[in-house]
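J.: Handing you this structure, nothing more for now.
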Amino acid sequence: MKRALITGISGQDGSYLAEHLLDLGYEVWGLVRRSPDCIRWLAPVAHRIEFVYGDLRDAESLAVAFQKAWPDELYNLAGQVFVPTSWEHPAETFDINAGGLARLLQIVERQKPDTRVYQASTSEMFGNTDGARSEQTPFRPMSPYGVSKMAAHRLVEVYRNRGLFVAGGILFNHESPRRGPEMVTRKITRAAARWALGDRTRLKLGNLSARRDWGFAGDYVKAMHAMLQTESPRDYVIGTGISHSVEDFVRLVLEELRAIPEVSDAPPIDDWVEIDPRFLRTGEIHDLRADATLARTHLGWQPEVDFRQLVRMMVRADVAAIRQTAGQSRHNEVVAASFTRRPQAPALQIA
Ligand code: GDP
């Protein structure tokens, strides 16, 4: 049985990858900084995962975790991934995203150099170059986040040249109902779900004309695994090849909201969305689109979920989740009310 260690297992990608590897018969280890109990989507598989403590900023903790897990494959998915946060905390972002990989690679080289390593690289490394980006496109990062990921990506190359099996997956934006709520897609679908439940607050967004190549995270983790099964390691661009604007995303969300029978209504975009300059970015990347030809030809990888299916999945999941929460809080109110009434009940019976 192969052993895999995943850093960032409690995040969106980590959880999908854990499920995929468990399906393939792997023994899965997850690096965590605190108890993963609160991660809702890990709950169904948590009992099949071995969790070990570790912090990417702390080499000693990583060495101990690595020794326990003794992995055949190491997936480094942990990191500080939000671009605006990288402007607020550039040094910390760098330490986690580039320093973290440096610590891991040194441990692999010293302890078990036959471990295969996957590094989560990103399309943010490309910056504003024209057209679809491939493995040959030069990097021009626009934010501390992009620079930190590019530095890590360069480490992939230099350690590969020293003989380690390290592959960098240059993944374009990938989303799902598990996406962090600060990212634009999830921010929009969560707000739409709140609207469906009666919340008429306007949705504040930044640049509606920014374009991204949005795919489904569940498809992308399969590419991560495939990259570590090849004869020799290399980097791969992963994306759908089609980009859409933030505005396209909002419009489709509203369409999908109208298509839910119990909702069947949605606001006009102009009544709902408000541009808030706080969400505009310095160093904005205007358009990101992947040329994933190499992944298709070498790995046989291609996405299964298209843009509309992705939006539908996210909208429906958020509407269902918010209904459940609302139902739960109504249930809690009823229970609380019955408790406050309870002292009177015995009195009445006794009488
Ligand atoms: P990124 O591509 O990794 O930065 O992913 P995000 O989901 O954070 O942002 C995608 C695009 O949406 C960027 O071009 C943002 O400028 C744009 N955007 C517009 N409004 C918002 C917003 O309110 N929040 C976020 N996160 N992004 C926004």
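Numbering-wise (numbering that gives the first Met the number 0), the sequence shown opens with residue 0 and increments by one. By construction, the Cβ of each residue, glycine as well, lies at the ideal position given by its N, Cα and C atoms. All values derive from a computational prediction rather than experimental measurement.
Just to confirm, is the Cβ distance from S147 to V236 under 8 Å?
T.: No; because the gap between Cβ atoms is not below 8 Å, this pair is not in contact.
J.: Rounded to whole angstroms, what's the CA-CA distance from L347 to A320? Just pull it up for me.
T.: In this prediction, L347 has a pLDDT of 31, which is less than 50 and means its spatial position is unreliable; nothing more can be read from the coordinates.
J.: Do K1 and ligand 2 come close, with the Cβ less than 7 Å from some heavy atom?
T.: Ligands displayed in this structure: ligand 1; ligand 2 is not among them.
J.: Might you give, ordered along the chain, the residues of its own chain that have their beta carbon closer than 7 Å to the beta carbon of A225, omitting 5 neighbours on each side?
T.: Within the same chain, A225 has close Cβ partners L298, W300.
J.: Let me know if N331 comes out buried or exposed under the rule of 16 or more other beta-carbons within 10 Å of its beta-carbon.
T.: The residue is exposed, with fewer than 16 neighbouring Cβ atoms inside 10 Å.
J.: Can you list, in chain order, the residues of its chain whose CB lies under 7 Å from that of L390, leaving out five sequence neighbours each side?
T.: Because residue 390 is not part of the residues shown, which for the chain are 0 to 350, the question remains open.
J.: Taking the beta carbon of A64 as the centre, do at least 16 other beta carbons fall within 10 Å, making it buried, or is it exposed?
T.: A64 should be labelled buried.
J.: Smallest Cα separation from S34: which of G53, L21, A131?
T.: Of the listed residues, the one whose Cα sits closest to S34 is G53.
J.: Within 10 angstroms of the Cβ of W69, are there 16 or more other Cβ atoms? Answer buried if so, exposed if not.
T.: Answer is exposed; the Cβ neighbour count stays below 16.
J.: Using only the heavy atoms of ligand 1, determine whether one of them is closer than 7 Å to the beta carbon of K186.
T.: Flag set: Cβ of K186 near ligand 1.
J.: For D234 and T200, I'd like the C-alpha separation in whole angstroms.
T.: The straight-line gap from Cα to Cα measures roughly 44 Å.
J.: May I ask you to check if the CB of F177 is nearer than 7 Å to at least one heavy atom of ligand 1?
T.: It is Arg, not Phe, that sits at residue 177 in the sequence shown. Not so, every heavy atom of ligand 1 lies at least 7 Å from the Cβ.
J.: What residues in its chain sit with their C-beta under 6 Å from that of I8, if we drop five residues either side in the sequence?
T.: These residues qualify, in order along the chain: A17, G29.
J.: Exposed or buried, which one is E72 when buried takes at least 16 other CB atoms within 10 Å?
T.: E72 comes out buried.
J.: Suppose you measure from the CA of Q135 to the CA of F125; what does that come to, to the nearest Å?
T.: Answer to the nearest angstrom: the Cα atoms are 10 Å apart.
J.: Given a cut-off of 8 Å on the beta-carbon distance, is the pair V262 and L256 in contact?
T.: Contact flag set, yes.
J.: Ligand 1 and F278: does the residue's C-beta get closer than 7 Å to at least one heavy atom of that ligand?
T.: F278 Cβ: within cutoff of ligand 1.
J.: Thinking C-alpha only, which one of N206, A289, P180 is nearest E273?
T.: Checking every option, the nearest Cα to that of E273 belongs to N206.
J.: Mind checking whether D290 and A131 have CB atoms under 8 Å apart?
T.: The answer is yes: Cβ separation under 8 Å.
J.: For L202, does the three-state DSSP call read helix, strand or coil?
T.: Strand at L202.
J.: Using alpha carbons as the reference points, say which of R47, D247, G10, F306 lies closest to L23.
T.: For L23, the nearest C-alpha among the options comes from R47.
J.: Counting only runs of 3+ residues fully inside the segment 201-280, write out the beta strand (DSSP E) ranges in chain order.
T.: Here the runs fully enclosed are 202-204, 235-237, 272-274.
J.: Does the distance from the C-beta atom of L61 to that of R102 stay below 8 Å?
T.: For L61 and R102, yes; Cβs fall inside 8 Å.
J.: Note down, in chain order, each residue of its chain lying with its Cβ closer than 7 Å to the Cβ of R159, except the 5 sequence neighbours on either side.
T.: V165, P232, listed in sequence order.
J.: What does the Cβ neighbour count give for V157, buried or exposed, with the cut at 16 atoms within 10 Å?
T.: So V157 counts as exposed.
J.: May I have the straight-line CA-CA distance separating F171 from A216, to the nearest angstrom?
T.: Straight-line Cα distance between these residues: approximately 10 Å.
J.: According to DSSP, what are the bridge partners of R115?
T.: Per DSSP, E72.
J.: Looking only at its own chain, which residues have a Cβ that is under 6 Å from the Cβ of R417, when we skip the five neighbours before and after it?
T.: Past the boundaries of the shown model lies residue 417; the chain is included only from 0 to 350, so the question cannot be answered.
J.: Would you tell me roughly how many angstroms separate the C-alpha atoms of H243 and P180, rounded to the nearest one?
T.: Roughly 19 Å between the two C-alpha positions.
J.: Using DSSP's beta-bridge definition, name the partner residues of H173.
T.: Answer is G214, bridged to H173.
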